[in-house]
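The structure appears below as structure tokens.
There are 2 protein chains.
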Amino acid sequence: MENQQMSPMRKHSKKRDAILRCVRSTTIHPSAEWVYQQLKPDYPQLSLGTVYRNLNLFREEGAIASLGVVGGLERFDGNPNPHVHFVCLRCGAVQDVGELQLPVELMQQAEHYISGEIEQCTLSFSGLCSQCKSGDSSPHC
Amino acid sequence: MENQQMSPMRKHSKKRDAILRCVRSTTIHPSAEWVYQQLKPDYPQLSLGTVYRNLNLFREEGAIASLGVVGGLERFDGNPNPHVHFVCLRCGAVQDVGELQLPVELMQQAEHYISGEIEQCTLSFSGLCSQCKSGDSSPHC
DNA sequence: ACAAAAATAATAATGAGTGCTATTATTATT
DNA sequence: AATAATAATAGCACTCATTATTATTTTTGT
Numbered sequence: 005m006e007n008q009q010m011s012p013m014r015k016h017s018k019k020r021d022a023i024l025r026c027v028r029s030t031t032i033h034p035s036a037e038w039v040y041q042q043l044k045p046d047y048p049q050l051s052l053g054t055v056y057r058n059l060n061l062f063r064e065e066g067a068i069a070s071l072g073v074v075g076g077l078e079r080f081d082g083n084p085n086p087h088v089h090f091v092c093l094r095c096g097a098v099q100d101v102g103e104l105q106l107p108v109e110l111m112q113q114a115e116h117y118i119s120g121e122i123e124q125c126t127l128s129f130s131g132l133c134s135q136c137k138s139g140d141s142s143p144h145c
Numbered sequence: 005m006e007n008q009q010m011s012p013m014r015k016h017s018k019k020r021d022a023i024l025r026c027v028r029s030t031t032i033h034p035s036a037e038w039v040y041q042q043l044k045p046d047y048p049q050l051s052l053g054t055v056y057r058n059l060n061l062f063r064e065e066g067a068i069a070s071l072g073v074v075g076g077l078e079r080f081d082g083n084p085n086p087h088v089h090f091v092c093l094r095c096g097a098v099q100d101v102g103e104l105q106l107p108v109e110l111m112q113q114a115e116h117y118i119s120g121e122i123e124q125c126t127l128s129f130s131g132l133c134s135q136c137k138s139g140d141s142s143p144h145c
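Sequences listed follow chains S and D, in order. Numbering (the numbering used here) for the first sequence: 5 to 145. Numbering (the numbering used here) for the second sequence: 5 to 145.
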């Protein structure tokens, strides 16, 4: 059993820092493309691939979280602590519902009924956000 | 306000029936591709586009449900009644947790904290299924 | 400054899903 | 049963989010 994969030494990168700062500085739960557009003015040489690569890196190490795919785009969350979300089915806007607790007590119960080991609990609500409810036809997220 | 879009008269189709039967006959929460592969032997002329089109049709009219994207593939559920799921983070297998109730009472509470109207509640657990836990490296879903 | 290695830019490639159109199947009507 | 109207499909082109590739640039230790 040779060639134990050793993770390469992490080097510092200004763009990587900026990407993390960007995701952490908003609650809109952005896509890679959104982060790219935000940083483009300050980093004209930034490449979309770099945004994708670093977002995945941060997600893998738990620095940020992924909400999964909403309307065809993977959405990220600068707050990696599990919490409840509300997703608009029409425009894809995501809101935090920080006031509600996740039903973590159900995790142990659920494990009795499935074959496997439960690690995470995801609770989210969906419907229409106020703007979409009031017939706003312009995209706003 | 003319040209009220009138939905075209629905005609019967053997393939459409087979697609619905296929999704309803399993609990693996299949992807379009899986349904296509299942039906191919019995319907050699079946087109993947037809599977996509009809799955979307059934989802829109509420005959089936979508679990969203798991590992890059949209997964469907022949049981349109909301219920709890367990998703394996490694292989993407989905199990029902029919014994647990959805915390629907939280829907009203959540609506106090967000701006919008909540319609649905989604609760799912994730982790490693038993096969993936025991180091099974072959795909099994 | 120099060398080694990690990070990036630019671009090609991938692949799930959708759109398009000629053909086929279904249904109602003779 | 033939006909006509139209819905559904097959086959394939296309879109577009994401990943892979590679030559170049940046970082970091010496």
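Where a beta carbon is used, it is the ideal one built from N, C-alpha and C, also for glycine.
With 8 Å as the threshold, decide whether the Cβ of residue i is near any Cβ in chain S.
i, result
"D/M5", "The predicted model places D/M5 with a pLDDT of 47, which falls under 50 and marks its position as unreliable, so this point remains unresolved."
"D/E123", "yes"
"D/E64", "no"
"D/P107", "yes"
"D/S4", "Residue 4 of chain D lies beyond the range of chain D shown here (5 to 145); nothing can be said about it."
"D/S134", "yes"
"D/L77", "no"
"D/V27", "no"
"D/L127", "yes"
So who's on the other strand from residue i, going by DSSP bridges?
i, result
"S/T126", "D/S128"
"S/S79", "The amino acid occupying residue 79 of chain S in the given sequence is Arg; Ser does not appear at that position. Answer is S/S35 and S/G72, bridged to S/R79."
"D/C133", "S/G120"
"S/F90", "S/Q99 and S/F129"
Are any of the Cβ atoms in chain D nearer than 8 Å to that of residue i?
i, result
"S/F80", "no"
"S/K15", "no"
"S/V73", "yes"
"S/Q112", "no"
"S/D21", "no"
"S/E37", "no"
"S/Q99", "yes"
"S/I118", "yes"
"S/L59", "no"
"S/G131", "yes"
"S/T31", "no"
"S/V55", "no"
"S/C95", "no"
Whose C-beta lies closer than 7 Å to the C-beta of residue i among residues of the same chain, with five residues either side of it excluded?
i, result
"S/H33", "L71, R79, F80, D81 and V98"
"S/V108", "C125"
"D/A114", "I122"
"S/T54", "K19"
Report all residues from its chain with a CB closer than 6 Å to the CB of residue i; omit the five preceding and five following residues, and keep chain order.
i, result
"D/L106", "P86, C125 and L127"
Could you check how far apart the C-beta atoms of residue i and residue j are, in whole angstroms? I think they sit under 8 Å.
i, j, result
"D/L132", "S/G120", "6 Å"
"D/H23", "D/L77", "Here the sequence assigns Ile to residue 23 of chain D, which means His is not the residue at that position. Actually they are not in contact, since the Cβ atoms of D/I23 and D/L77 sit about 16 Å apart, beyond 8 Å."
"D/F90", "D/S130", "7 Å"
"S/P84", "S/A69", "5 Å"
Grab me the residues of residue i's own chain with a C-beta within less than 8 Å of its C-beta, minus the 5 sequence neighbours each way, in chain order.
i, result
"S/S29", "G82"
"D/V101", "H87, V88, H89, F90 and F129"
"S/W38", "I32"
Compute the distance between the beta-carbons of residue i and residue j, then report whether it is under 8 Å.
i, j, result
"D/Y117", "S/E103", "yes"
"D/C136", "D/C92", "yes"
"S/L43", "S/L52", "no"
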